[in-house]
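Chains as they are written, first to last, in this note's numbering: chain A, 1 to 157; chain B, 158 to 303.
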Amino acid sequence: MKFLVTKDLQHSTLLGNLMAGVSVALFFYLVLDVVLHGYVLGFDFSSMTDTLYGNAEEFIEPILIDSLLLQVHIDLFMSLFSIMIIASVYIRLYSSQKRTKILVHTLFILGLLAPLLLIVAYFTSVPFLYGWVAVFLLGHLLGMFMSLGIIQKLLRK
Amino acid sequence: MKHLKLYSIPIAYMLVYVVAILVTGVWLFLLSQGLGSADMMQTLTYVITFPEPKSLHNFIEVATPHIFAMGTLIFVVAHFMLFSTNISQRFSLRVSVLLFVVALLNIVAYLAIIFGLVVSGWVKLVTLVVFVLLFLLLLGMVAFSL
Chain A
1 MKFLVTKDLQ HSTLLGNLMA GVSVALFFYL VLDVVLHGYV LGFDFSSMTD TLYGNAEEFI
61 EPILIDSLLL QVHIDLFMSL FSIMIIASVY IRLYSSQKRT KILVHTLFIL GLLAPLLLIV
121 AYFTSVPFLY GWVAVFLLGH LLGMFMSLGI IQKLLRK
Chain B
158 MKHLKLYSIP IAYMLVYVVA ILVTGVWLFL LSQGLGSADM MQTLTYVITF PEPKSLHNFI
218 EVATPHIFAM GTLIFVVAHF MLFSTNISQR FSLRVSVLLF VVALLNIVAY LAIIFGLVVS
278 GWVKLVTLVV FVLLFLLLLG MVAFSL
């Protein structure tokens, strides 16, 4: 982060390209993370509720808390690093814009809220699962939007 | 440089994320020791007297991502102390190095149990508690420096 702050972008094409490269990688990571969660929990609400709460008629057991918590534990770690990188580069490039502060706050809050909502949904009821889907998708879309913003700004220089 | 002030936002959120990672990590450990079928005190007693048996394969499966993740996380959090003007670099260095050592001990503690070097699981429990407390201290130092 110190490097991001102190290095002058105007005189370092390498830093600009590195920032664009990591943003491209994180954009695809966010896309694939949505797909991965679809495979783990289900792509529609019916399969998500079956995964989380089980389905007696179809003899589906609910997911074990150990497995779900492990997924949440990993999600928190991955979110922290991906969001930290996106936010740091975004701040570096868009610090003069007023909306930067709001976007960064929103991205971090959504990233933290999603895993917590999933755990709450497991112990409570379906409405929290709807909340998780909304927060998870919004967070990922915002991350993708900010990554694209970074790439666009760097390519235009 | 206006953006310097904005960087305190990601750092502040990072502290909350790390606390959440620590909480879920401890919860996962206790679940693996039987928290699902017993209360907290029973589980802690169980860890000390008769820790859950693990194979070497299980150990490697858990240790490999944790060595990477804990090392990286400590580095990322501790490197913010380079910017601190409130806490001395000397003290930050001691806390960080101690944290790296305790993290490693915490990971390899189960190896000692697997190979029968220790029968009791107190080693794992003590290193876990010290690791969490030290990490919270480091997080507090970063928060104080913001």
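C-beta: ideal position from N, C-alpha, C; glycine also.
- Boundaries of the alpha helix (DSSP H) around A:Gln-152: 126-156.
- Between B:Val-252 and B:Leu-290, the CB-CB gap reaches or exceeds 8 Å.
- Close partners of B:Pro-208 in chain A (Cβ separation under 8 Å) are lacking, with about 17 Å as the shortest Cβ gap.
- Contact between A:Leu-155 and A:Phe-27 is absent: CB atoms are separated by about 13 Å, not below the 8 Å threshold.
- A:Leu-118 and B:Glu-218 have their C-alpha atoms some 25 Å from each other.
- A:Ile-86 sits in a helix when the DSSP states are folded into three classes.
- Only Ile-65, Asp-66, Leu-69, Leu-70, Val-72, His-73, Leu-76 and Phe-77 from the stretch 56-78 of chain A bring a Cβ to less than 7 Å from some Cβ of chain B.
- When A:Val-104, A:Thr-100, A:Val-133 and A:Ile-102 are compared, the shortest CA-CA separation from A:Leu-116 is found for A:Val-133.
- Under the 8 Å criterion on CB atoms, A:Lys-157 is classed as non-interfacial with respect to chain B.
- Between A:Lys-101 and B:Ile-166, the C-beta spacing is below 8 Å.
- In this structure, the straight-line span from the alpha carbon of A:Leu-112 to that of A:Leu-32 is close to 19 Å.
- With a threshold of 16 other beta carbon atoms within 10 Å, A:Asn-17 falls short and is exposed.
- Assignment of A:Ile-109 by DSSP, reduced to helix, strand and coil, places it in the helix class.
- For B:Thr-181, at least one C-beta of chain A is nearer than 8 Å to its own C-beta.
- Scanning A:Ser-12, A:Gly-38 and A:Arg-99 for the CA closest to the CA of A:Gln-71 turns up A:Gly-38.
- Residue B:Phe-292 holds the alpha-carbon nearest to the alpha-carbon of B:Ile-178 among B:Phe-292, B:Leu-262 and B:Ala-235.
- The stretch 270-278 of chain B and the stretch 204-216 of chain B touch, with three or more beta-carbon pairs separated by less than 8 Å.
- For A:Ile-91, the closest Cβ of chain B is nearer than 8 Å.
- Contact check for A:Leu-107 against A:Leu-142 passes: the beta carbons are separated by less than 8 Å.
- For B:Ala-195, no alpha helix (DSSP H) run applies, since DSSP gives it neither H nor E.
- Shown here for A:Met-144: same chain residues with a beta carbon closer than 8 Å to its own, the five before and five after excluded, namely Phe-27, Leu-30 and Val-31 in chain order.
- When only Cα atoms are considered, B:Val-233 and B:Leu-255 end up about 15 Å apart.
- Contacts with chain B at 8 Å (Cβ-Cβ) include A:Ala-87.
- Residues of the same chain with a CB within less than 7 Å of the CB of B:Val-299, apart from the 5 flanking positions on each side, are Ile-168, Leu-172, Val-234, Phe-237 and Met-238 in chain order.
- Separation of the CB atoms of B:Ser-241 and B:Ser-302 is rounded to 4 Å, and the pair is thereby assigned contact status at 8 Å.
- DSSP, reduced to helix, strand and coil, places B:Asn-243 outside both helices and strands of the structure shown, so it counts as coil.
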